[in-house]
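See structure below.
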Amino acid sequence: MRRDPPADPPNPTGRVLGICLATGLASTGLAAGGTGGALLAVEVAGNAAVAGLPFGLVVAGSALGALLIGALTPRLGRLMPLALGHLIGVIGAVIVLMASWSTDLGLILAGSLLLGPANASVFMARYAGADLFGTGREGRGIGAILLAAGVGAVMAPNLLEPAGLAAEALGLPVAAGLYLVAVGAFGAAGALLAVLAPRSTDGQRPLFRGPLGGVPSPARRRWSHGAVLGIITLGAANMAMVGIMAVAPIHLTAQGHDLRSVGLVISIHVAGMLGPSPITGWLVDRIGPRPVAAAGGSLLLAAGVAGALVDHSDPGAAIGFLLALGVGWNLAVVAGSSMLTSSVAGQGRYAAEARGEVAMGVAAAVGAPAAGLLAAMSGFGALSAAGAVIGAIAVGALAIRLWTVGSTFPREDLQDPSDWR
């Protein structure tokens, strides 16, 4: 049964813009756990072998953060758990800054783990966008938020030098500069989300609408085939992309590309990952998520084959291959997210979304080290071929479901997205 809306009615346009702004701000802080973490850990430990540890712990923390956000959302609504994730990220960044001053690697790693929930908040914000855009327009909501994340991700590398200068001025290692950015970015994003969260009728508890209905019935707890397929799509896309990109910069350098060329290629790849999101979202809403996800899997397959065959010393070939990889990831992730959010009814949806994030995190955590090992043993061509196999598996699963069911999922028992509680 629908409830009357609270006295503080929703303002979807304003909240979408606000969530986009918060996501863009927060995504500038994500470079701390990747680039900044590797640089700082090596500088403090004096050993390159620890370079991957901070990012690995960020991935683990992101998975834990996704589960926390999924558990809190039924009680607190969409935005406050996301704000909490950013607050935890601020604490993690502060711990890393303190550790960099005392040259304590253990604290750096502990802080890196706490950066994970902020990472989860950035990417789980896409489901808030899906809510606000409403039934039948989830893809566009997901696309809008991912585009905002892309803007922040593109801006982040430009902050490396000024952030390093600020860190030096404070007596910290240059590599700690990105953690200063993370403190400000996560803090501002969390505060903005807390302000955006609508209040309940008594004005006490900030809430963001979700599917209503109290405790889900057993029928509502069941996962549909669409949810399982969405999680498979998200995990497969992330494993294929992360596995190849974990090794690509080193491989391109070995092929004779200078650092500027490698940076350009990676930037174009990131643009392919997030730039097409609004168009992808529109396609998902127009023709259904499964055809779009199948197209994404096909593009990942094609990128893997191309990566195994093309001459990577040719800048044009490298750009084309990695751009296709990024766009394939985008198609699969936007469509997979839409499959997930539109095919699970009631409050079980939140747990499904969290498990989708965990699947992406586990895929990245497994894919990156496995890719390094495979590339070292058999070469980059074999790694690209493995990425093609993963893409083929995703395409096959989607093709079977398209053949047997059709292009869209039934939206059983989903409340109108304008419901706020």
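First residue of the sequence shown: 1, per the working numbering; consecutive thereafter. The beta-carbon is built from N, C-alpha and C at its ideal position, and this holds for glycine as well.
- Taking the CA atoms as reference points, A45 sits about 16 Å from L57.
- In this structure, L252 lies near V262, with their beta-carbon atoms less than 7 Å apart.
- Here A397 has L229 and I232 as same chain residues with Cβ atoms under 7 Å from its own Cβ, once five neighbours each way along the sequence are excluded.
- For the pair A128 and V90, the Cα-to-Cα distance works out to about 21 Å.
- Linking L325 to G361 through their CA atoms gives a straight-line distance of about 18 Å.
- Following the DSSP letters along the chain, one finds S313 in no alpha helix (DSSP H), marked with neither H nor E.
- L172 carries a coil assignment under DSSP once its states are collapsed to helix, strand and coil.
- A166 is not a Cβ neighbour of L39, given a cutoff of 7 Å.
- Here L373 is exposed, its C-beta having fewer than 16 other C-beta atoms within 10 Å.
- Assigned with DSSP and collapsed to three states, R349 falls in helix.
- Around the C-beta of V344, 16 or more other C-beta atoms lie within 10 Å, and the residue is accordingly described as buried.
- E168 counts as exposed, since fewer than 16 other beta carbons sit within 10 angstroms of its beta carbon.
- Within the segment 120-167, complete alpha helix (DSSP H) segments of at least 4 residues are found at 138-155, given in chain order.
- Under the DSSP assignment, N238 falls in the alpha helix (DSSP H) whose first and last residues are H225 to A254.
- Of the residues assessed, D311 falls on the exposed side of the cut-off, its CB having fewer than 16 other CB atoms within 10 angstroms.
- Separation of V42 and V50 (C-alpha to C-alpha, rounded to the nearest whole angstrom) is 6 Å.
- Out of A26, A194 and G106, the CA that lies nearest to the CA of R78 is found in A194.
- Take the alpha-carbon of G297 and the one of S337: they are about 14 Å apart.
- Exclusion of the five residues before and after G281 leaves G139, R140, I142, G143 and V334 as the residues of its chain whose Cβ lies within less than 6 Å of its Cβ.
- Of the candidates G111, S384, N238 and A197, G111 places its Cα closest to the Cα of Y179.
- Taken through DSSP and simplified to helix, strand or coil, G14 comes out as helix.
- The three-state reading of DSSP puts V344 in coil, since its state is none of H, G, I, E or B.
- DSSP, read as helix, strand or coil, puts G281 in helix.
- In its chain, beyond the 5 residues on either side, A236 have a beta carbon closer than 7 Å to the beta carbon of I393.
- When secondary structure is reduced to three states using DSSP, G187 falls in the helix class.
- Under the three-state reduction of DSSP, T103 is assigned to coil, being neither helix nor strand.
- Considering only V265, C20, H225 and A125, the residue with the shortest C-alpha distance to I69 is A125.
- Annotated three-state conformation of H257 is coil, per DSSP.
- Counting C-beta pairs closer than 8 Å gives three or more between the segment 237-250 and the segment 372-390, which meets the contact rule.
- When the Cα atoms are used, L132 and R15 turn out to be separated by approximately 8 Å.
- For A26, the closest alpha carbon among the candidates L115, G387, V270 and A306 is that of L115.
- The criterion of a C-beta distance shorter than 7 Å is satisfied by L301 and G391.
- R78 sits in coil when the DSSP states are folded into three classes, being neither helix nor strand.
- About 14 Å separates the beta carbons of A22 and A153, which is beyond the 8 Å limit, so they are not a contact pair.
- In the three-state scheme derived from DSSP, where H, G and I count as helix and E and B as strand, P276 is classed as coil.
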